[in-house]
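Chemist:
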Amino acid sequence: MTTKRIAVVSAGLSTPSSSRQLADRLLADSAGLLQERGVEVEAKVFELRDLAHDITNHLLMGFAPPKLEEALDAVASADGLIVVTPIFTTSYAGLFKSFIDVVDPQALTDLPVLIGATGGTPRHSLAIDYAIRPLFTYLHAIPTTTGVFAATGDWGGGGDGVRSLPDRIFRGATEFADLVERTDRSELVSDPFALDRPMGHLLGGLAGE
Amino acid sequence: MQFGIFTVSDITQDPTTGRTPSEAERIQATLTIAKHAEEVGLDVFALGEHHNPPFWSSSPTTTLAYIAGQTSTLQLSTATTLITTNDPVKLAEDYAMLQHVSGGRADLMLGRGNTGPVYPWFGKDIRQGLPIAIESYELLHRLWREDVVDWEGKFRTPLQGFTSTPRPLDGVPPFVWHGSIRTPEVAEQAAFYGDGFFANHIFWPASHTQRMIALYRQRFEHHGHGTAAQAIVGLGGQAFMRKNSQDAVDEFRPYFDNAPVYGHGPSMEEFTQQTPLTVGSPQQVIDRTLAYRDYVGDYQRQLWLMDHAGLPLKTVLEQLDLLGEEVVPVLRREFAKDRPADVPDAPTHASLVRAAYGDGTPRQATPNANRGDNLTLGSPYQDGAAPVAATSTGSAFGPAATRTAGAR
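Listed below in structure tokens is the structure:
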């Protein structure tokens with residue numbers, strides 16, 4: 389049985405948070421779909437609230453304290469990443485962006501990403517496509533075409549009655565599971581301290597060869 | 005093993021008094037600190053290079069030459085010299101000159117710098133930082149070892165028949181350390197040439213330093229300069245001491261909390277746990293430093309940052325007294341224990357001359373009379389060519405490397 393690694397990052401600020409709840413549901417559907425196909429899932433869930441001080445220290449100091457380093461390593465070496473952020477003043481939460489800013493810019497290349505977002509009303513749902521999606525395409529990650537937005541009303545009867553939140557979660561999870569199943573990314577992850585260009589190459593490269 | 009201090013030359017407000025020293029005051033203070041380093045028995049003083057306020061050290065060889073004139077045993081080094089934005093030709097000239105006036109007490113540590121705008125100020129592109137460092141050092145290395153250099157590269161104007169003067173003291177180039185926090189290619193560069201590798205160490209967790217040093221040692225052996233254990237390693241460190249450790253904590257905290265770089269970030273407790281910063285008694289500094297050997301192996305040079313963040317001169321001199329009287333004597337004794345006989349000391353001019361000439365007479369470069377130019381036949385020097393000592397050729401890695409090695 390093959391095993392795929394999924395990292396889950398939730399940027400919700402309250403406890404409990406609806407962002408975390410959405411993240412858990414996205415993970416549960418994705419993991420369920422993968423398991424049906426005989427793929428074992430190893431998931432690690434991180435709430436950025438717990439890492440908020442470490443993230444600030446990293447921004448100021450240039451290195452990650454141990455707890456944050458564990459999260460960064462888990463994201464960099466994953467086969468799939470599920471992210472959920474609240475939408476604040478028309479975009480991702482500042483804490484979420486700060487986290488992305490301390491991720492090595494090469495670390496998300498070719499990484500399947502399932503994007504989730506939460507907000508007070510469905511009027512913010514396009515923030516996924518104009519703010520969050522470009523962030524991941526810039527980093528050469530592979531966001532699924534479906535992003536899942538959960539407005540407050542979606543948690544009760546006030547949501548979309550035709551395409552309900554569980555339907556949208558399932559659709560996003562299906563696209564994500566397809567990508568995760570196919571990638572062998574966690575086996576290829578590069579070591580930042582490994583030497584991939586020995587000196588002969590470095591000097592030769594200068595000679596234009 | 006060598007022990008010493010390094011300074012970044014920051015001019016920082018003392019947070020306990022609100023007073024900021026002038027450039028003149030801080031420059032004079034640094035000269036006093038360097039002289040005191042020798043007085044308390046330290047071996048090395050290393051000076052940073054910056055090209056923007058609030059730093060003063062834009063012209064390290066001028067400063068180091070003055071210190072050389074005021075001291076007699078202190079080894080003078082840099083931390084770091086910018087191999088990216090300085091012209092390698094001028095570096096070859098300046099540091100050979102420093103080597104002469106200091107009587108062979110000069111070495112240097114190369115780095116790429118941490119201030120982005122310095123690149124455009126000196127006409128360079130920061131995105132090319134690493135390729136520039138590789139090319140510039142290759143040229144610097146040749147200028148010190150070949151009397152007449154023909155050279156063409158991507159990042160400076162070509163040279164035809166160029167001779168860098170003065171030739172290195174006794175025909176032996178200054179020893180070079182390469183400093184990097186997290187770039188494996190720089191560890192490889194140091195290993196390729198058989199040069200030293202210095203891990204900044206103070207802004208990164210020990211696990212990162214450990215990985216970089218391990219890579220350097222492994223590549224040093226690969227390139228045929230000796231065993232991995234014989235590679236030349238230096239480490240940074242940072243300490244603030246008082247006899248009573250709680251006094252050290254209380255006194256240093258305002259400086260820590262407001263320091264440029266880490267102020268207003270992690271707490272002093274977090275930072276001392278995650279990096280080599282030690283705030284406490286001399287014994288705590290001894291214990292912490294001895295433990296470095298557990299993850300980098302026996303090493304050659306330990307430098308501490310002691311004078312930054314607005315600490316007043318008087319306090320810094322007291323710190324040096326503690327280092328020289330209580331810490332370093334114990335470290336010398338303890339590091340010598342169980343140190344394998346084949347692990348070398350940090351190279352000095354004397355050891356490099358001995359390695360190059362044995363009991364023979366070192367080269368004294370003497371120009372031919374009234375030579376005028378280098379472009380006609382032969383060498384501009386009476387003895388024809390420098391007896392090149394310990395030229396590194398590395399190992400073969402394909403046609404490009406073979407061609408480059410052949411040209412060296």
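Line by line, the protein sequences are chains A and B.
Counted from 1, the first sequence has number 551 at position 163 by our numbering; the numbering is strictly sequential.
Counted from 1, the second sequence has number 132 at position 128 by our numbering; the numbering is strictly sequential.
We put the CB at the ideal spot given by N, CA and C, even for glycine.
Every value quoted in this text rests on a predicted model; they were computed, and no experiment measured them.
May I have the straight-line CA-CA distance separating Phe581 (chain A) from Leu35 (chain B), to the nearest angstrom?
Modeler: About 38 Å.
Chemist: Give me the Cα-Cα distance between Glu255 (chain B) and Arg246 (chain B), rounded to the nearest whole angstrom.
Modeler: Approximately 9 Å, taken between the alpha carbons.
Chemist: With H, G and I counted as helix, E and B as strand and the rest as coil, what does DSSP make of Gly238 (chain B)?
Modeler: Of the three classes helix, strand and coil, the one that applies to Gly238 (chain B) here is strand, per DSSP.
Chemist: Using a Cβ cut-off of 8 Å, pull out every chain B residue sitting near Leu502 (chain A), in sequence order please.
Modeler: Under the 8 Å cutoff, chain B gives no residues; its nearest Cβ is about 31 Å from Leu502 (chain A).
Chemist: Going by alpha carbons, who is nearest to Ser249 (chain B) out of B:Leu239, B:Val283, B:Arg358 and B:Asp111?
Modeler: Closest option to Ser249 (chain B), Cα to Cα, is B:Val283.
Chemist: Alpha carbon to alpha carbon, how far is Arg221 (chain B) from Gly127 (chain B)? Give it in angstroms, no decimals.
Modeler: Gly127 (chain B) and Arg221 (chain B): Cα-Cα distance of roughly 34 Å.
Chemist: For the beta strand (DSSP E) containing Gln306 (chain B), list its first residue and its last residue.
Modeler: Element bounds for Gln306 (chain B): Arg305 to Leu309.
Chemist: Quickly, what does DSSP pair Lys432 (chain A) with across the bridge? List them, please.
Modeler: According to DSSP, Lys432 (chain A) bridges with A:Ala395.
Chemist: So if I threshold CB-CB distances at 9 Å, which residues from the stretch 458 to 486 of chain A count as touching chain B?
Modeler: Cβ contacts with chain B come from no residue of the stretch 458 to 486 of chain A.
Chemist: State yes or no: is the beta carbon of Phe202 (chain B) nearer than 7 Å to at least one beta carbon in chain A?
Modeler: No, its Cβ sits nowhere closer than 7 Å to a Cβ of chain A.
Chemist: Exposed or buried, which one is Ala340 (chain B) when buried takes at least 16 other CB atoms within 10 Å?
Modeler: Counting Cβ neighbours within 10 Å, Ala340 (chain B) comes out exposed, since fewer than 16 surround it.
Chemist: Could you name the residues of chain B that Arg585 (chain A) contacts, counting a contact when the two beta carbons are closer than 7 Å?
Modeler: Per Cβ cutoff of 7 Å: Glu189.
Chemist: What distance in whole Å lies between the Cβ atoms of Thr506 (chain A) and Val472 (chain A), which are believed to be in contact at a cut-off of 8 Å?
Modeler: Indeed they touch by this definition, with Cβ atoms about 7 Å apart.
Chemist: Can we say the stretch 179 to 194 of chain B touches the stretch 207 to 220 of chain B, given the rule of at least three CB pairs closer than 8 Å?
Modeler: Touching, yes, given that three or more Cβ pairs across the two stretches are closer than 8 Å.
Chemist: Could you pull out every residue in the same chain whose Cβ sits closer than 8 Å to the Cβ of Asp489 (chain A), ignoring the five residues on either side in sequence?
Modeler: Taken in chain order, the residues that qualify are Leu447.
Chemist: In the DSSP assignment, find the unbroken alpha helix (DSSP H) run with Glu125 (chain B) in it and report its ends.
Modeler: A quick correction: the sequence has Trp, not Glu, at residue 125 (chain B). Val122 to Trp125 is the extent of the alpha helix (DSSP H) around Trp125 (chain B).
Chemist: Give the residues of chain B in contact with Ala582 (chain A), contact being defined as C-beta atoms less than 7 Å apart.
Modeler: Neighbours of Ala582 (chain A) on chain B, chain order: Pro188.
Chemist: Counting only the same chain and skipping the five closest in sequence on each side, list residues whose C-beta sits under 8 Å from that of Ala137 (chain B).
Modeler: Ile87, Thr88, Leu114, Arg116, Val190 and Gln193, listed in sequence order.
Chemist: Does chain A have any CB closer than 7 Å to the CB of Arg305 (chain B)?
Modeler: Not an interface residue.
Chemist: From the DSSP output, read off the bridge partner residues of Pro371 (chain B).
Modeler: DSSP lists B:Tyr385 as partners of Pro371 (chain B).
Chemist: Within a Cβ cutoff of 8 Å, which residues of the same chain sit near Ala390 (chain B), ignoring the five residues on either side of it in sequence?
Modeler: With a pLDDT of 47 at Ala390 (chain B), under the threshold of 50, the modelled position of that residue is not reliable, and the figure given next carries that caveat. Within the same chain, Ala390 (chain B) has close Cβ partners Arg149, Glu150, Asp151, Arg171, Gly175, Arg367 and Ala369.
Chemist: Going by other Cβ atoms of all chains shown within 10 Å of its Cβ, with 16 needed for buried, is Ile394 (chain A) buried or exposed?
Modeler: Classification of Ile394 (chain A): buried, given that the 10 Å Cβ count is 16 or more.
Chemist: Quick check on Met389 (chain A) - is its C-beta less than 7 Å from some C-beta in chain B?
Modeler: So, not an interface residue.
Chemist: Could you check the C-alpha separation between Thr84 (chain B) and Arg337 (chain B) for me, to the nearest Å?
Modeler: Each residue's alpha carbon lies about 29 Å from the other.
Chemist: Note down, in chain order, each residue of its chain lying with its Cβ closer than 7 Å to the Cβ of His40 (chain B), except the 5 sequence neighbours on either side.
Modeler: Correct list, in chain order: Leu321 and Leu324.
Chemist: Less than 7 Å between CB atoms is the rule here; does Pro453 (chain A) satisfy it with respect to chain B?
Modeler: Chain B, which has a Cβ nearer than 7 Å to the Cβ of Pro453 (chain A), makes this yes.
Chemist: Along the beta strand (DSSP E) that carries Met113 (chain B), what are the first and last residues, could you check?
Modeler: Unbroken beta strand (DSSP E) run through Met113 (chain B): Leu112 to Gly115.
Chemist: At a CB-CB cut-off below 9 Å, which residues of chain A make contact with Tyr266 (chain B)?
Modeler: Near Tyr266 (chain B) (Cβ distances below 9 Å), the residues of chain A are Asn445, Leu448 and Met449.
Chemist: Can you find a CB in chain B that lies within less than 7 Å of the CB of Leu436 (chain A)?
Modeler: Taking Cβ atoms only, chain B never reaches closer than 7 Å to Leu436 (chain A), which makes this a no.
Chemist: What are the start and end residues of each continuous beta strand (DSSP E) run of 3 or more residues lying completely inside the stretch 277 to 347 of chain B, in chain order?
Modeler: Within the stretch 277 to 347 of chain B, the complete beta strand (DSSP E) runs of at least 3 residues are 282 to 284 and 305 to 309.
Chemist: Write down every uninterrupted run of the beta strand (DSSP E) in the stretch 164 to 228 of chain B whose length is 3 residues or greater and which is fully enclosed by it, in chain order.
Modeler: You should have 180 to 183 and 200 to 203.
Chemist: Bridge partners for Gln103 (chain B) per DSSP, in chain order?
Modeler: None, per the DSSP bridge assignment.
Chemist: Is there a Cβ from chain B that is less than 7 Å from the Cβ of Leu422 (chain A)?
Modeler: No, no contact with chain B.
Chemist: In terms of residue numbering, what span does the beta strand (DSSP E) encompassing Pro468 (chain A) cover?
Modeler: The residue asked about is misnamed: residue 468 (chain A) is Gly in this sequence, not Pro. Unbroken beta strand (DSSP E) run through Gly468 (chain A): Gly468 to Phe476.
Chemist: Residues bridged to Gln32 (chain B) by DSSP?
Modeler: Gln32 (chain B) is not bridged to any residue.
Chemist: Whose CA, out of A:Ser398, A:Ala539 and A:Asp566, lies closest to the CA of Asp412 (chain A)?
Modeler: The residue with the shortest Cα to Cα distance from Asp412 (chain A) is A:Ser398.
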